[in-house]
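Data block below; observations after.
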Amino acid sequence: MARPRKWRRVCTLPQISLFGPIDLSLGINKIIIMTVEEYESIRLMDLKGLNQQECAEVMGIARSTIQRIYNDARRKLADSMVNGKMLKIEGGDYKLCSDFEDKKNCDGCICHRHRHAKNVKMEG
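Residue numbering for the sequence shown follows this note's numbering, starting at 5 and increasing by one per position.
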């Protein structure tokens with residue numbers, strides 16, 4: 005029996021889930037599906053500047069898993085851009101941070117970090 009997949013922690017769903025070429029008259033009708041956790045890996049590493057280990061901790065998965073997810077996401081993104089294919093973000097094995105019952109792990113979440121920040125005395 006296969007091991008059940010572990011839920012990946014995702015802070016927020018994408019505001020826009022369909023991307024592609026403006027000129028649809030080219031007859032390109034292929035759609036690439038990017039999972040929500042692949043999108044989250046791009047958001048955390050490329051936009052927020054986290055490394056693979058930090059991203060893995062935020063998403064609650066192993067570094068080797070995030071490496072695979074990130075590589076798949078970049079490959080899909082490149083295929084969409086280079087070959088003019090539509091990119092749709094949907095599905096995957098994820099839970100939103102707000103859906104997790106163990107809030108103790110939420111302090112690793114970038115979108116909630118401000119709520120759990122410790123008081124730090126600023127000098128100067």
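For every residue, glycine included, the Cβ atom is placed at its ideal position computed from N, Cα and C.
What you are looking at is a predicted structure, and each value in this text was computed from that prediction instead of being measured.
Within a 10 Å sphere around the beta-carbon of leucine 51 sit fewer than 16 other beta-carbons, which makes this residue exposed. Of the candidates Cys101, Gly95, Ser102, the residue whose Cα lies closest to the Cα of methionine 38 is Gly95. Residue pairing by DSSP leaves isoleucine 70 without any beta bridge partner. Look at lysine 52 here: in three-state DSSP terms it is coil, with no helix or strand label. Annotation: isoleucine 36 is outside any alpha helix (DSSP H); the continuous beta strand (DSSP E) that includes it extends over 35-38.
Nearest C-alpha to leucine 17 among Arg79, Met5, Leu81, Glu42: Glu42. A residue is called buried once 16 or more other Cβ atoms fall within 10 Å of its Cβ, and isoleucine 65 is buried on that count. Bounds of the beta strand (DSSP E) holding leucine 91 are 90-93.
By the neighbour-count definition (other C-beta atoms within 10 Å, threshold 16), serine 68 is an exposed residue. For serine 45, the CB contacts under 7 Å within the same chain, skipping 5 residues up- and downstream, are Cys59, Ile70, Ile73, Tyr74, Ala77 in chain order.
Taking all protein chains in view, the Cβ of arginine 9 is surrounded by fewer than 16 other Cβ atoms within 10 Å, so the residue is classified as exposed.
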